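What follows is a set of notes on a single structure, which appears directly below.
Chains as they are written, first to last, in my numbering: chain A, 62 to 475; chain B, 62 to 475.
Okay, structure coming up:
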């Protein structure tokens with residue numbers, strides 16, 4: 062699904078992996094025309110796991126929904142010039158480059174010679190210039206030593222590439238703000254965003270850096286407990302698992318009511334001299350509280366727990382595998398307007414999300430699936446660069462561009 | 062640090078916890094005037110852990126850097142009307158509301174009666190209307206069953222509130238895009254964003270939903286291995302731990318060179334009939350490759366490994382605790398221009414991050430620390446609502462507003 066907030070913007074994306082492509086897709090879902098320039102035969106991430114039984118990468122096709130694809134051999138000088146010309150082509154919404162490829166011929170200063178009001182956004186690994194990916198940034202954040210039963214010597218990596226995703230959103234936001242400013246002032250912008258800065262600034266915003274500097278005691282892992290309040294996972298009688306959170310006082314009161322703990326909580330508070338209406342006291346005595354909630358959950362099935370928790374207003378949810386989520390949760394189905402069915406060639410029909418954002422009364426248009434490599438080579442060269450059919454033919458013949466027939470995973474199906 | 066991309070925008074924030082306040086702070090760091098309306102004495106999150114030895118919440122002060130604070134008793138009808146008037150006050154950059162409080166008197170339709178071009182952004186828990194927080198959304202995503210040694214029956218929660226952070230960035234992006242459109246069209250926007258939709262759409266974009274639908278075999282946890290390529294954590298001789306990633310072919314070749322594996326890799330590929338230049342083959346034989354890298358790392362200290370890895374161009378990094386990060390990593394220091402020192406009252410001096418974004422040639426202005434509660438009550442009422450000193454005095458006397466003297470954590474120090 063797409064909105065038309067960014068209608069008229071044309072973004073040229075020359076990028077791989079997660080952060081930059083997800084940024085491009087985010088802009089496409091808000092209405093920008095995002096033209097991804099791919100290597101003929103596919104770039105470094107075109108065949109990444111997992112693969113659909115029908116052959117194509119679910120990684121690539123999920124991160125490139127709603128874009129157009131132009132296949133260019135950028136190892137050839139004329140191919141590089143073509144990509145440069147796509148970036149700097151005239152038009153009020155053009156002149157926007159998104160990349161994570163640090164190369165001189167895509168440098169802002171080089172391209173700005175041809176288009177003074179260029180907005181370029183370059184995503185980098187580490188702010189010190191060294192190579193870094195989500196995983197080699199994450200190890201430095203301290204989170205693996207705090208996750209699960211993790212410790213300094215036995216870190217637990219989280220699996221969600223969170224820094225990549227956060228970086229993608231910050232990059233998209235930066236491009237939108239810079240293009241907005243360009244509309245008002247005609248001023249271009251050279252934007253840079255390092256994955257390591259995304260991670261470390263987030264640590265600052267969440268208070269972890271200040272804590273490390275100002276509090277002597279180092280934080281240690283607390284398993285599935287929620288830091289600072291009460292919350293943990295619990296097993297049900299029928300082998301299900303649920304997460305329960307009592308962060309606000311309202312949520313705590315609901316949990317006390319649902320589990321029938323009112324009679325015991327008062328005496329415990331008196332005996333311990335604490336006050337569970339304060340989240341800090343709930344956190345300090347989390348093991349004790351968990352010890353009350355655990356047997357209550359263990360004595361009931363999920364089907365018994367659900368109505369009791371929902372009626373009382375407990376903040377909770379069941380654990381699911383991804384397959385269970387897709388099979389069982391109506392929030393992940395066509396009943397939720399953020400989802401639509403996509404059926405890209407070489408992949409097969411599946412549920413795909415548009416923007417999580419909902420805009421009241423705005424039309425949510427169906428989106429297109431990820432393109433085949435080079436599916437839009439000819440129309441883009443014609444529309445954006447105004448090349449003639451004869452010029453386009455020559456580029457094909459000389460192997461400088463290609464259409465979808467050269468997609469290695471799906472040469473003929475288009 | 063702040064930029065001036067959003068200069069002239071005035072955002073009224075009535076919000077708690079992480080997603081909405083982080084959205085507001087992100088807008089403030091891009092130059093918006095973000096006025097946070099707090100309850101007199103502090104809202105639900107004002108005292109959240111961890112607390113600085115000097116008394117104030119590091120959680121709250123880290124998430125509210127660079128904002129102004131107006132303290133209003135919104136339980137009183139006149140207090141509610143004041144907040145409504147702050148939102149709908151005239152001025153081209155005003156009329157922007159950010160909230161996660163679902164209440165009729167802050168509803169878009171109500172406020173749009175007074176200001177037709179209102180841009181409101183409401184952050185919700187679950188898209189089905191039920192209460193949800195990061196933790197009760199995360200359990201449904203399937204990630205805890207894939208994290209560490211986690212399984213369906215023994216899930217491992219990640220600790221970074223990733224969905225909150227991603228939600229904050231999407232909300233900030235949405236506000237920027239909607240305000241940009243309003244400048245061009247005079248059209249307001251009612252924006253809504255559910256944390257559950259943020260999470261489930263991310264699963265779609267990362268290919269996990271498609272995988273669950275199209276591939277029969279369910280993914281299981283693989284510890285600290287990187288899915289789809291080669292990467293894992295390793296112990297060094299001196300008890301340090303490092304993360305090593307070989308996602309691209311270049312990274313793989315660098316690792317082979319650094320660890321002197323060239324002579325053994327060829328025969329292994331021949332013997333197994335695989336090709337480690339393909340990331341899928343590296344993933345399939347990850348245990349075997351780890352078995353080669355592990356003894357190499359275990360025989361060397363971190364100081365010995367670092368120059369070898371860096372010279373070869375290996376993608377790697379050391380694991381750190383947050384305290385080690387702050388103490389040892391120059392990327393988290395004043396040498397990195399995204400950081401500055403802040404010294405908020407009741408907290409003490411510490412390193413604080415501005416936007417991770419870097420804009421070439423743009424001035425990065427120092428930011429202000431998180432406000433005291435009500436620190437800006439009088440100037441905001443005067444500037445935005447043009448109330449007279451006598452009117453402001455009456456509001457104080459009737460307990461409808463308060464200044465910083467009523468901050469419970471720091472009544473006098475301002």
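Cβ coordinates follow ideal geometry from the N, Cα and C atoms, glycine included.
Keep in mind the model is a prediction, meaning the values are calculated, not measured.
Item	Value
contact_flag[the segment 406 to 414 of chain B, the segment 253 to 265 of chain A] where n(CB pairs < 8 Å) is 3 or more	yes
Contacts that residue 261 of chain B makes with chain A (C-beta to C-beta distance below 9 Å)	386, 390, 392, 393, 397, 399, 400, 414 and 417
DSSP-derived helix/strand/coil call for residue 126 of chain B	coil
Residue 91 of chain A burial status per 10 Å Cβ neighbour count (16 or more: buried)	buried
C-alpha distance - residue 279 of chain A paired with residue 214 of chain A, whole-angstrom precision	15 Å
Per-residue burial, residue 324 of chain B [other beta carbons within 10 Å of its own, 16 or more giving buried]	exposed
Short CB-CB distance (under 7 Å) between residue 271 of chain A and chain B	yes
Cβ-heavy atom distance, residue 192 of chain B to the ligand SAM, below 6 Å	You won't find the ligand SAM in this model; it holds no ligand whatsoever.
Contacts that residue 149 of chain B makes with chain A (C-beta to C-beta distance below 8 Å)	Those do not exist, as residue 149 of chain B stays about 17 Å from chain A at its closest Cβ, beyond 8 Å.
Within chain B, partners of residue 344 of chain A - CB distance below 9 Å	110
Near-chain B residues of the segment 194 to 209 of chain A (beta-carbon distance less than 8 Å), N- to C-terminal order	194, 196, 197, 198, 199, 200, 201, 202, 203, 204, 205, 206, 207, 208 and 209
Chain-ordered chain A contacts of residue 382 of chain B [CB-CB under 7 Å]	203, 206, 213 and 279
Within 7 Å, strictly: CB atoms of residue 154 of chain B and residue 69 of chain B	yes
Short Cβ contact (7 Å threshold) for residue 409 of chain A with residue 275 of chain B	yes
Outcome for residue 391 of chain B when other beta-carbon atoms lying within 10 angstroms are tallied against a minimum of 16	exposed
Nonlocal neighbours in the same chain, by C-beta distance under 8 Å from residue 147 of chain A, ignoring five residues either side	73, 96, 98, 131, 441, 445 and 446
Chain A contacts made by the segment 159 to 170 of chain B, where a contact means CB separation under 8 Å	169
is_contact[residue 230 of chain A, chain B] using C-beta, thresh 7 Å	yes
Cβ-based burial, residue 394 of chain A [other Cβ within 10 Å; buried from 16]	exposed
Through-space distance from residue 289 of chain B to residue 123 of chain A, alpha-carbon basis	15 Å
Contacts around residue 101 of chain A, its chain only, beta-carbon distance under 8 Å, and the 5 residues preceding and following it disregarded	132, 133, 134, 434, 435, 460, 462, 463 and 467
Cβ-Cβ distance between residue 180 of chain B and residue 229 of chain B below 7 Å	no
Straight-line Cα distance separating residue 248 of chain B from residue 206 of chain B	44 Å
Neighbouring residues, chain A, relative to residue 246 of chain B (Cβ below 7 Å)	Ordered by position in chain A, no residue passes the 7 Å Cβ test against residue 246 of chain B, which lies about 11 Å from the chain.
Inter-residue Cα distance where the pair is residue 226 of chain B and residue 422 of chain A	27 Å
Residues sharing a beta bridge with residue 95 of chain B, DSSP	B/72
C-beta atoms of residue 268 of chain B and residue 67 of chain A nearer than 7 Å	no
Closest Cα partner of residue 257 of chain A within the set A/450, A/185, A/136 and A/164	A/185
CB contact check: residue 120 of chain B to chain A, cutoff 7 Å	yes
Exposure of residue 209 of chain A, with buried meaning 16 or more beta-carbon neighbours within 10 Å	buried
Residue burial classification, residue 46 of chain A (beta-carbon count within 10 angstroms, cutoff 16)	Not covered by the structure: residue 46 of chain A. The range shown for chain A is 62 to 475.
Distance between residue 330 of chain B and residue 469 of chain A (C-alpha atoms, nearest Å)	24 Å
Alpha-carbon spacing of residue 110 of chain B relative to residue 270 of chain A, whole angstroms	14 Å
Distance, residue 88 of chain B Cα to residue 150 of chain B Cα	19 Å
Residue of B/316, B/188, B/306 and B/382 minimising C-alpha distance to residue 396 of chain A	B/188
Length of the line joining the Cα atoms of residue 443 of chain B and residue 182 of chain B	25 Å
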